[in-house]
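Asks: The sequence shown begins at -5 in this note's numbering and counts up one residue at a time.
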Amino acid sequence: MKRWMIVLFFGLVLPGLIFSSGAKEQKAEVKTVRFWYHFDNPETSVKPLIEKFERENPGIKIQAEMVAWDAYFQKLMTSIAGGNPPDVSQIKLWWQPQLVEMKALAPLDEYIAKWPGRTDVYEKIWELTRHTDGKQYLMPLQMVILYLYYRVDMFKELGLKVPTTRDEFLDVAKKLTRDTNGDGQIDVYGFGIRGGRGGHDYWATFVLSSGAEIITKEGKSGLTTPEAIAANQWYIDLFRVHKVSPPTTPTDGFNEVIANMKSGKTAMTIHHLGSAKGMVDVLGDRISAAPVPRGTKGAWTSFGDEENGVLAASKVKEEAFKWCAFLATAENNALWQKSSGQISINKSNGQTKEAQENRFMKASVESTPFAGVLPAHPKVAEFVESVWPATMQRAFLGQITSEQMMKIFEEHFFGKK
-5 MKRWMIVLFF
5 GLVLPGLIFS
15 SGAKEQKAEV
25 KTVRFWYHFD
35 NPETSVKPLI
45 EKFERENPGI
55 KIQAEMVAWD
65 AYFQKLMTSI
75 AGGNPPDVSQ
85 IKLWWQPQLV
95 EMKALAPLDE
105 YIAKWPGRTD
115 VYEKIWELTR
125 HTDGKQYLMP
135 LQMVILYLYY
145 RVDMFKELGL
155 KVPTTRDEFL
165 DVAKKLTRDT
175 NGDGQIDVYG
185 FGIRGGRGGH
195 DYWATFVLSS
205 GAEIITKEGK
215 SGLTTPEAIA
225 ANQWYIDLFR
235 VHKVSPPTTP
245 TDGFNEVIAN
255 MKSGKTAMTI
265 HHLGSAKGMV
275 DVLGDRISAA
285 PVPRGTKGAW
295 TSFGDEENGV
305 LAASKVKEEA
315 FKWCAFLATA
325 ENNALWQKSS
335 GQISINKSNG
345 QTKEAQENRF
355 MKASVESTPF
365 AGVLPAHPKV
375 AEFVESVWPA
385 TMQRAFLGQI
395 TSEQMMKIFE
405 EHFFGKK
């Protein structure tokens, strides 16, 4: 009898215990990757890509959070300081020096070396995103090359040609700035300037192409030379002297600049593919794009790409990299760009008919040869996020001179002399 009960126990109870234990082990195998991202258009969604990834990788779940751009950098820094950052985050290239100095990013070289999709990513992207210590902390996601947006209908109305030089640009901007209804008030401004956060790219387009350098090849300041101060003065004068941008310029951000183009309050501005769909939805063929005008020393536009970074604090680095690699693979990257509106990082995607016929993508590609990045310096992130907008606004309001403005920038990077 006892022997029969023992057999019954092992035959009925023990398999259940084993099954229960196995279920727990199977459940424990599912790992969650926290992912932070942003899109210029908040209505876009990354959900289809997450669903595709999770089908292909049943042991990994992606917990995605879209973060508002205006709060992104500060939220990321706060999460790092608090010891609770995401596993993967979109990273702006100018954040990299500070994040590496903080030891907040995990090097990805070993993962990338084993990733078969590496050779389909443009080599220039690998070169630009590699940190100065020779390590690769960022996984390419999208190219964001800035160009000039212009209102085709307004140019046609006034018989104007798209400007290719700084002098032509000023002349055209003046002609486009006008009272259209005879009430003595300016109704249309030639150029929408982003004076608030994010406007450093507009500034750099004209100032870095006309003699200014943030840091020279010798590692010295190139901000306070006579040429640099004059280039900066030219930019300030667009608003203060020539008045070719709206009165709200000192505080205008992304939303205001784009809204002004759509409504017809401005005739030109600078941005990238991310705003093309929204522009076309409202304006159709009345909006087009061209490379930014050349300065006195050539042309410069922002290679404002975005990458994904795996945070050093992550406990699921391998799974986090799999998600990054998934998004960087041609088929999936093409889907991502349909949501973000940017340029794919993959060579194979650049050969599509759509890529070659899209006028906005064409302007981006034509701008690639002179696209540049801000120097890899730990203080660049703070410069972009707070120092530049606060100082630029003061100059636009006439509170400081061009020389004083550039000295503030110099002191930020090099300290007081």
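Ideal Cβ positions, reconstructed from N, Cα and C, are used throughout, including at glycine.
To the nearest angstrom, how far is it from the Cα of K168 to the Cα of D161?
Replies: If I take the Cα positions, the gap works out to 11 Å.
Asks: Are the CB atoms of G289 and G205 nearer to each other than 9 Å?
Replies: Cβ distance < 9 Å, so G289 and G205 count as in contact.
Asks: Under DSSP, the alpha helix (DSSP H) around S333 begins and ends at which residues?
Replies: First-last of the alpha helix (DSSP H) with S333: 324 to 334.
Asks: For N175, which residues in the same chain have their Cβ closer than 7 Å to its Cβ, ignoring the five residues on either side in sequence?
Replies: Closer than 7 Å at the Cβ level, and outside the excluded window around N175, lie D181.
Asks: Is E360 closer than 9 Å to Q92 when the C-beta atoms are compared?
Replies: No, these two residues do not count as a Cβ contact at 9 Å.
Asks: Measure the Cβ-Cβ separation of A412 and T126 and say whether it is below 9 Å.
Replies: As displayed, the chain neither begins before -5 nor continues past 411, which places residue 412 out of reach and without an answer.
Asks: So, for R112: in the same chain, excluding its five sequence neighbours on each side, which residues have a beta-carbon less than 7 Å away from its beta-carbon?
Replies: Around R112: I106.
Asks: What whole-angstrom Cβ distance do K97 and A306 have, given they're in contact under 8 Å?
Replies: About 6 Å separates the two Cβ atoms, so the contact holds.
Asks: So the candidates are R234, I208, L232, V138; which of them puts its Cα closest to the Cα of S338?
Replies: When each option's Cα is compared against that of S338, the closest is V138.
Asks: Looking at A357: is its Cβ nearer than 9 Å to the Cβ of N340?
Replies: No.
Asks: Using 9 Å as the threshold, is the C-beta distance between F47 and D81 below it?
Replies: Against a cut-off of 9 Å, the Cβ pair of D81 and F47 comes out as no contact.
Asks: Less than 9 Å separating the beta-carbons of W88 and M386?
Replies: For W88 and M386, no; Cβs fall outside 9 Å.
Asks: List the DSSP bridge partners of K25.
Replies: Looking at the DSSP assignment, K25 forms a beta bridge with I54.
Asks: Starting from the N-terminal side, write out each stretch of the alpha helix (DSSP H) that is 4 residues or longer and does not extend beyond the stretch 225 to 268.
Replies: Here the runs fully enclosed are 248 to 257.
Asks: Using a threshold of 9 Å, state whether the C-beta atoms of K69 and V27 are closer than that.
Replies: Not a contact, by the Cβ cut-off of 9 Å.
Asks: Alpha carbons only, please: which of Y144, K25, N51 is nearest the one belonging to A319?
Replies: For the residues Y144, K25, N51, the minimum Cα distance to A319 belongs to N51.
Asks: Please classify S39 as buried or exposed, where buried requires at least 16 other C-beta atoms within 10 Å of its C-beta.
Replies: With fewer than 16 Cβ atoms within 10 Å of its Cβ, S39 is classed as exposed.
Asks: Assuming D246 contacts R188 (C-beta within less than 8 Å), just tell me the rounded distance between them.
Replies: Indeed they touch by this definition, with Cβ atoms about 6 Å apart.
Asks: Could you check what DSSP says for K86 in three-state terms: helix, strand or coil?
Replies: Residue state, collapsed to three classes: strand.
Asks: Y183 and K259 look like a contact to me (Cβ under 8 Å); what is the Cβ gap, rounded to whole Å?
Replies: So it is a contact: roughly 6 Å between Cβ atoms.
Asks: Quick check on D195: buried or exposed, where buried means 16 or more other Cβ atoms within 10 Å of its Cβ?
Replies: With 16 or more other Cβ atoms within 10 Å, it is buried.
Asks: Can you find the residues in the same chain that come closer than 8 Å, C-beta to C-beta, to R353, ignoring five residues on each side of it along the sequence?
Replies: Once the five neighbours on either side are set aside, the close Cβ partners of R353 are S282, A283.
Asks: Could you give the first and the last residue of the continuous beta strand (DSSP E) run that contains G133?
Replies: Sequence check: residue 133 is Met here, not Gly. Its beta strand (DSSP E) spans residues 132 to 136.
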